[in-house]
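Novice: This is the structure I have questions about; it appears just below.
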Ligand SMILES: Cc1cc2nc3c(=O)[nH]c(=O)nc-3n(C[C@H](O)[C@H](O)[C@H](O)COP(=O)(O)OP(=O)(O)OC[C@H]3O[C@@H](n4cnc5c(N)ncnc54)[C@H](O)[C@@H]3O)c2cc1C
């Protein structure tokens, strides 16, 4: 399962007690999910972070300037300190008969297996850019470009939170306050929050750098690895395509129920394709919804 999806399922009532769970991928979400699972009785069989220790050490120093994040990190560490935590390690595959029984991991020098019941896998977080793209907002390096009052390149459209950089709840809240105050004509009050926002934006930039995906991950997919789950499109089927658009036309990749929300970012990483196309309705809608009369 996706690491965030696993967290959501457990919050929704899935019982993880006694299950041996491996968390693998990248980003602080792995730790947060591991801590949550451990506190409700799961056995965290290992946390495997693909980023190397050299990058994480630099990032850990950044936390000194963010006491709230440091405390949050400390809480996660206390709850997961008994679980193996390995950096510079990535998952190669998962196997089992009918369900996951074992995962294979690699650290660049050696490859080994770990027995488990469940696997939570996640490679950091990507913003959901459909709405701003549909509105025509300019994006730079995968995020919506905003000015210091959170205005986008489109008049009267502001943007906050994950769309402007992955930085967690605190950043999203401050940006929301700035946009709200500005929209209410209280620009001076909004500007007072700008230094706090800048500090949190720096944190977001460092987070992006520290957990950048290593190039080895591009070589993990096999010819029969399913890249687009909705339309069952394999890695080999995509190899002859030159762009996201061509892939859609030739293979139906990204044309199923999720509309590229999952495979779009995967193909961006695997093939360097840009997935800029957004069409309404953003989410699949039932005919009955569309048929509602005003
Ligand atoms: C699994 C997971 C765990 C996390 N854990 C932590 C944590 O422990 N600590 C932390 O600081 N941060 C955590 N984060 C990050 C945190 O959730 C975000 O930083 C924060 O929620 C960002 O706020 P936001 O307003 O940008 O986005 P969101 O909170 O995602 O809000 C966006 C809203 O827009 C709505 N929306 C989207 N598209 C449409 C549409 N087309 N039409 C109508 N509505 C739409 C969504 O339904 C959603 O309600 C976690 C994120 C994930 C995914």
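Residue numbers (my numbering): 1 to 294.
Idealized CB from N, CA, C, for every residue including glycine.
Taking Cβ to Cβ, would you say residue 283 is nearer than 8 Å to residue 213?
Specialist: Cβ distance not < 8 Å, so residue 283 and residue 213 don't count as in contact.
Novice: Among 281, 172 and 164, which residue has its Cα nearest to the Cα of residue 258?
Specialist: Selected option, being the one with the closest Cα: 281.
Novice: Go ahead and pull the three-state DSSP assignment for residue 236.
Specialist: Correct three-state label for residue 236: helix.
Novice: Taking the beta carbon of residue 206 as the centre, do at least 16 other beta carbons fall within 10 Å, making it buried, or is it exposed?
Specialist: Under this definition residue 206 is a buried residue.
Novice: Specify the secondary structure class of residue 169 as computed by DSSP and reduced to three states.
Specialist: It is helical.
Novice: Compare the beta carbon distance of residue 247 and residue 278 with 8 Å and say whether it is the shorter of the two.
Specialist: It is not a contact, given that the beta carbons lie outside the stated cut-off.
Novice: Among the candidates 104, 82 and 85, whose CA atom is the shortest distance from the CA of residue 91?
Specialist: Closest by alpha carbon: 104.
Novice: Taking buried to mean at least 16 other C-beta atoms within 10 Å of its own C-beta, is residue 132 buried or exposed?
Specialist: Flag for residue 132 reads buried.
Novice: So does residue 259 have its beta carbon nearer than 7 Å to some heavy atom of ligand 1?
Specialist: It does not: the Cβ of residue 259 is nowhere closer than 7 Å to a heavy atom of ligand 1.
Novice: Give the DSSP-derived three-state secondary structure of residue 263 in the structure shown.
Specialist: Of the three classes helix, strand and coil, the one that applies to residue 263 here is helix, per DSSP.
Novice: So what does residue 93 bridge to, in DSSP terms?
Specialist: According to DSSP, which records beta bridges pairwise, residue 93 is partnered with 104.
Novice: Check whether the Cβ of residue 212 sits closer than 7 Å to any heavy atom of ligand 3, and report yes or no.
Specialist: Among the ligands in the structure shown, ligand 3 does not appear; only ligand 1 can be found there.
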